[in-house]
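Worksheet: the structure to be examined is printed underneath.
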Amino acid sequence: MLVGKLSSLVRFELSRLLRFPVLEVIVVLAVFNSFTAYMSFYLMGTYTDKTGGSFIYLIVLDGLRRTFYAMINYLFISFIYATLTSSIAHAISSGLMKNLLSFPYRRSEVFIVESSVTFMVPFIIYLTAHLLPFPFFYPYPVQIGFGWLKWFLTVFLSFLYIFSICLTISLAFKTPIPSFISSVSILYAMSFITAGLRRNPLVNFIPPYCFINSILGHAHVYHLIPSSLLAIALIAICYIYFTRWLEL
Amino acid sequence: MKPFTRLGLVLILAGLTVLGVVVLKSEKHVARATISVKAGEFETRLFYLYERDVRVLVEVIPSVAKVDIEVLDVTQYLKFIRGESYSHVYAVNGTSSIDFNFKPLRGVYVFVFRNSSGKSVLIRLTIVMEGFEKGCFKVGVTLLAIGLVLIAVLKVLQRLF
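Heads up: the sequence lines are chains A and B, in that order. Position 115, counted from 1, in the first sequence is what this note's numbering calls 115; the numbers after and before it change by one each time, with no gaps. Position 30, counted from 1, in the second sequence is what this note's numbering calls 30; the numbers after and before it change by one each time, with no gaps.
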């Protein structure tokens, strides 16, 4: 019963959030980002490992690392999440959210469905657009193992961090255009400020360089803890605000 | 918009995006490397080459010295490092400078420079890639064609029923 009720809510949110041309724009940006990154690999360097099978393993693993690295494109991801979360702000300002809550849905259900759909759709599209062409560009039969899990986790947390900031701003402003502009501005400002601290060892803890350095191998997984905790805390605050204090 | 029409549109846009990237990345790309090879030894360099027109220029310093040059794909290189018999994409023996073209498939290629002379040499390698990437171009056209066919079929079906 609950699953059926929530699935209809998921379908509604999907059709609302991915209305024309939002889905198309996400796909175009993801495909552009993916193919631009794949077609920018030229010099592979010298692989001094001359132990037979592991030589090609190193090349494929390096290719996969570059693919995950390409996914952390701050420019496009910030734009996509700012657009999608400002659509939540639009639902609040236009009265659509009030109508939605007049149906037998709890506020917590609406929040969970809305935020899950908003977060997962760009993440899945990006992952598909980047990983699907991988065998096309690296057609070598190699068992990669689990070396890529750290990079996957990094990309997931990087998306979660951007999403949490955009969601918080959209709920704070409750109107689409200011929330879009503020989300993009704050994320870019953070990026530029952190760029000035690039030589500081603390930069490994600050987004977006904690994610970039994690994939490049200059930072460990524990360097991602502060930004992950910040993202989880922001989403928790948004949940409490939406379910208890938001006046519609 | 109906789901299949939307899918067709998404495929068309994805195809156009791939074609756009192919055009964007069709500019001439030059990769240069200077490789030092000791007397009686060999050196290898790896390059990821695309399905584009590739021109390779090799210059040996000093010009009186001569080296053997081989271009191998990954399978051939694996045989080479295991000491098995192998074929090659391109090979030339005892040259001091060479300029050749070849059309690689997308993937990693290994350039092997063997110095059989008695002195160390320096090799200046220049790889020039130009033209459209044919494999990606086919992917873009295929996506575009599938999208167009899907939309056309849906239009025909709509008129019929």
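In this text, a Cβ means the ideal position worked out from N, Cα and C, and glycines have one as well. Owing to the predicted nature of the structure, the values given are computational and were not obtained by experimental measurement.
* Asked: My guess is that LEU150 (chain B) and LEU11 (chain B) are in contact by the Cβ rule of under 8 Å, so how many angstroms apart are they, rounded?
  -> Position 150 of the second sequence, counted from the start, is the residue given in the question as residue 150 (chain B). Position 11 of the second sequence, counted from the start, is the residue given in the question as residue 11 (chain B). With a Cβ gap of about 7 Å, LEU150 (chain B) and LEU11 (chain B) count as contacting.
* To do: May I have the straight-line CA-CA distance separating ASN200 (chain A) from GLU133 (chain B), to the nearest angstrom?
  => Taking the first sequence and counting its residues from 1, the one referred to as residue 200 (chain A) is at position 200. Taking the second sequence and counting its residues from 1, the one referred to as residue 133 (chain B) is at position 133. Each residue's Cα considered, the two are about 41 Å apart.
* To do: Evaluate the contact criterion for the stretch 76 to 96 of chain B versus the stretch 22 to 42 of chain B: three or more CB pairs, one atom per stretch, below 8 Å.
  => With fewer than three CB-CB distances shorter than 8 Å, the stretch 76 to 96 of chain B does not count as touching the stretch 22 to 42 of chain B.
* Is the CB of TYR48 (chain B) under 7 Å away from at least one CB in chain A? -> Counting from one through the second sequence, the residue named residue 48 (chain B) turns up at place 48. At a cut-off of 7 Å between beta carbons, TYR48 (chain B) contacts chain A.
* Asked: Could one say the Cβ of THR128 (chain A) lies closer than 7 Å to chain B's Cβ atoms, at least one of them?
  -> What you label residue 128 (chain A) is simply residue 128 of the first sequence in a count that begins at 1. Cβ-Cβ to chain B under 7 Å: no for THR128 (chain A).
* Just checking, does the stretch 212 to 224 of chain A make contact with the stretch 75 to 91 of chain A on the three C-beta pairs under 8 Å criterion? -> Per the Cβ contact rule, the stretch 212 to 224 of chain A is not in contact with the stretch 75 to 91 of chain A (fewer than 3 Cβ pairs under 8 Å).
* Between ALA231 (chain A) and LEU160 (chain A), which are expected to be in contact by the criterion C-beta below 8 Å, what is the C-beta distance as a whole number of angstroms? -> Against the first sequence, residue 231 (chain A) aligns to sequence position 231. Against the first sequence, residue 160 (chain A) aligns to sequence position 160. By a beta-carbon distance limit of 8 Å, ALA231 (chain A) contacts LEU160 (chain A). Their separation comes to about 5 Å.
* Proximity test, Cβ basis, 7 Å: LEU13 (chain B) and chain A -> The sequence position of residue 13 (chain B) within the second sequence is 13, counting from 1. Interface residue, yes.
* Quick one: residues in its chain with C-beta nearer than 6 Å to the C-beta of MET206 (chain A), no 5 flanking neighbours on either side, listed in chain order? => Start at 1 with the first residue of the first sequence, and residue 206 (chain A) comes out as number 206. The sequence given here has Ile at residue 206 (chain A), not Met. If we look at ILE206 (chain A) and ignore the five residues flanking it on each side, its Cβ neighbours are THR194.
* Asked: Nearest to TYR258 (chain A) by alpha carbon, out of B:TYR109, B:SER63 and B:SER120?
  -> Nothing can be reported for residue 258 (chain A), as the shown portion of chain A is limited to 1 through 248.
* To do: Report yes if the C-beta distance between LEU164 (chain B) and GLY140 (chain B) is below 7 Å; otherwise report no.
  => The structure shown does not extend to residue 164 (chain B), since chain B spans only 1 to 161, so no value can be given for it.
* Asked: Who are the Cβ neighbours of LYS88 (chain B) in its own chain at under 7 Å, not counting the five residues just before and after it?
  -> In the second sequence, counting from the first residue as 1, residue 88 (chain B) sits at position 88. Reading off the sequence shown, one finds His at residue 88 (chain B), where the question assumed Lys. Taken in chain order, the residues that qualify are GLU70, VAL71, LEU72 and GLN76.
* Asked: Anyone know if the C-beta pair for PHE47 (chain B) and VAL112 (chain B) falls short of 7 Å?
  -> The count along the second sequence starts at 1 and reaches residue 47 (chain B) at position 47. The count along the second sequence starts at 1 and reaches residue 112 (chain B) at position 112. Not closer than 7 Å, so no.
* Asked: Does the beta carbon of PHE32 (chain A) sit closer than 7 Å to a beta carbon anywhere in chain B?
  -> Here residue 32 (chain A) refers to the residue found at position 32 when the first sequence is read from its first residue. Output row for PHE32 (chain A): interface = yes.
* Which of helix, strand or coil does DSSP assign to SER40 (chain A)? -> Start at 1 with the first residue of the first sequence, and residue 40 (chain A) comes out as number 40. SER40 (chain A) falls in the coil class under three-state DSSP.
* Selection from B:VAL153, B:VAL30 and B:SER116 that minimises the alpha carbon distance to LYS38 (chain B) -> One-based indexing of the second sequence puts residue 38 (chain B) at position 38. Ranked by Cα distance from LYS38 (chain B), the first of B:VAL153, B:VAL30 and B:SER116 is B:SER116.
* Taking C-alpha atoms, which residue in A:LEU64, A:TRP151 and A:MET39 lies nearest to GLY131 (chain B)? -> Taking the second sequence and counting its residues from 1, the one referred to as residue 131 (chain B) is at position 131. For GLY131 (chain B), the closest of A:LEU64, A:TRP151 and A:MET39 by C-alpha to C-alpha distance is A:MET39.
* Asked: From this set, B:GLY15, B:ILE81, B:GLY83 and B:ASN101, which residue's C-alpha is nearest PHE137 (chain B)'s C-alpha?
  -> The sequence position of residue 137 (chain B) within the second sequence is 137, counting from 1. Checking every option, the nearest Cα to that of PHE137 (chain B) belongs to B:GLY15.
* Asked: Looking at the C-beta of VAL18 (chain B), does it have a partner C-beta in chain A at a distance below 7 Å?
  -> For the purposes of this step, residue 18 (chain B) is taken as residue 18 along the second sequence, with counting starting at 1. The beta-carbon of VAL18 (chain B) is placed less than 7 Å from the nearest beta-carbon of chain A.
* Does DSSP put ALA91 (chain B) in a helix, in a strand, or in coil? -> As a working mapping, residue 91 (chain B) is identified with position 91 in the second sequence. Assignment of ALA91 (chain B) by DSSP, reduced to helix, strand and coil, places it in the strand class.
* Can you list, in chain order, the residues of its chain whose CB lies under 6 Å from that of ILE177 (chain A), leaving out five sequence neighbours each side? -> Here residue 177 (chain A) corresponds to residue number 177 of the first sequence, with the count starting at 1. Excluding residues within five positions, none has a Cβ falling inside 6 Å.
* **Proximity test, Cβ basis, 7 Å: ILE59 (chain A) and chain B** => Working through the first sequence from its first residue, we reach residue 59 (chain A) at position 59. With 7 Å as the cut-off, ILE59 (chain A) counts as an interface residue toward chain B.
* Asked: Shortest alpha-carbon distance to LEU18 (chain A) belongs to which of A:LYS150, A:ILE215 and A:ILE88?
  -> Translated into positions along the first sequence, residue 18 (chain A) becomes position 18. In terms of Cα proximity to LEU18 (chain A), the closest of A:LYS150, A:ILE215 and A:ILE88 is A:ILE88.
* Asked: Between GLY52 (chain A) and the rest of its own chain, which residues show a CB-CB distance below 6 Å, the 5 nearest in sequence each way excluded?
  -> As a working mapping, residue 52 (chain A) is identified with position 52 in the first sequence. Since pLDDT at GLY52 (chain A) reaches only 49, below the 50 mark, its modelled position is unreliable, and the value read off the structure follows with that caveat. In its own chain, leaving out the 5 sequence neighbours on each side, no residue places its CB closer than 6 Å to the CB of GLY52 (chain A).
* Asked: Terminal residues of the continuous beta strand (DSSP E) containing PHE100 (chain B)?
  -> Sequence index remark: in the second sequence, residue 100 (chain B) carries index 100 (1-based). Where PHE100 (chain B) is concerned, the enclosing beta strand (DSSP E) stretches over 97 to 102.
* Can you list, in chain order, the residues of the stretch 55 to 71 of chain B whose Cβ is nearer than 7 Å to any Cβ on chain A? -> Correct list: empty, as no residue qualifies.
* Residue nearest to ARG45 (chain B) in terms of C-alpha spacing, selected from B:GLY135, B:ALA31 and B:PHE161 -> For the purposes of this step, residue 45 (chain B) is taken as residue 45 along the second sequence, with counting starting at 1. Sorting B:GLY135, B:ALA31 and B:PHE161 by C-alpha distance to the C-alpha of ARG45 (chain B) places B:ALA31 at the top.
* Asked: DSSP three-state call for LEU49 (chain B): helix, strand or coil?
  -> Start at 1 with the first residue of the second sequence, and residue 49 (chain B) comes out as number 49. When secondary structure is reduced to three states using DSSP, LEU49 (chain B) falls in the strand class.
* Asked: Which residues in the same chain as SER15 (chain A) place their Cβ atom closer than 6 Å to its Cβ, once the five residues preceding and following it in sequence are excluded?
  -> By 1-based counting over the first sequence, the position of residue 15 (chain A) is 15. There are no such residues.
* Asked: Is it buried or exposed for GLY63 (chain A), if we count other Cβ within 10 angstroms and need 16 for buried?
  -> Residue mapping note: residue 63 (chain A) aligns to position 63 of the first sequence, counting from 1. Answer is buried; the Cβ neighbour count reaches 16.
* Asked: For ILE127 (chain B) versus VAL56 (chain B), is the C-beta distance shorter than 7 Å?
  -> One-based indexing of the second sequence puts residue 127 (chain B) at position 127. One-based indexing of the second sequence puts residue 56 (chain B) at position 56. For ILE127 (chain B) and VAL56 (chain B), yes; Cβs fall inside 7 Å.
* **As assigned by DSSP and simplified to three states, the class of SER102 (chain A)** => Sequence index remark: in the first sequence, residue 102 (chain A) carries index 102 (1-based). Correct three-state label for SER102 (chain A): coil.
* When the Cα of ILE125 (chain A) is compared with those of A:LEU248, A:ILE26 and A:PHE20, which residue comes out closest? -> Sequence index remark: in the first sequence, residue 125 (chain A) carries index 125 (1-based). Of A:LEU248, A:ILE26 and A:PHE20, the smallest CA-CA separation from ILE125 (chain A) is found for A:ILE26.
* Asked: For the beta strand (DSSP E) that contains HIS29 (chain B), what are its first and last residues?
  -> Position 29 of the second sequence, counted from the start, is the residue given in the question as residue 29 (chain B). 29 to 37 is the extent of the beta strand (DSSP E) around HIS29 (chain B).
* Might you give, ordered along the chain, the residues of its own chain that have their beta carbon closer than 8 Å to the beta carbon of LYS50 (chain A), omitting 5 neighbours on each side? => In the first sequence, the residue the question calls residue 50 (chain A) occupies position 50. Note that LYS50 (chain A) has pLDDT 49, beneath the 50 cutoff, so the model's placement of it is unreliable and no number is given.
* To do: Kindly indicate which three-state DSSP category TYR140 (chain A) falls into: helix, strand or coil?
  => By 1-based counting over the first sequence, the position of residue 140 (chain A) is 140. Looking at TYR140 (chain A) - three-state DSSP - the assignment turns out to be coil, as it is neither helix nor strand.
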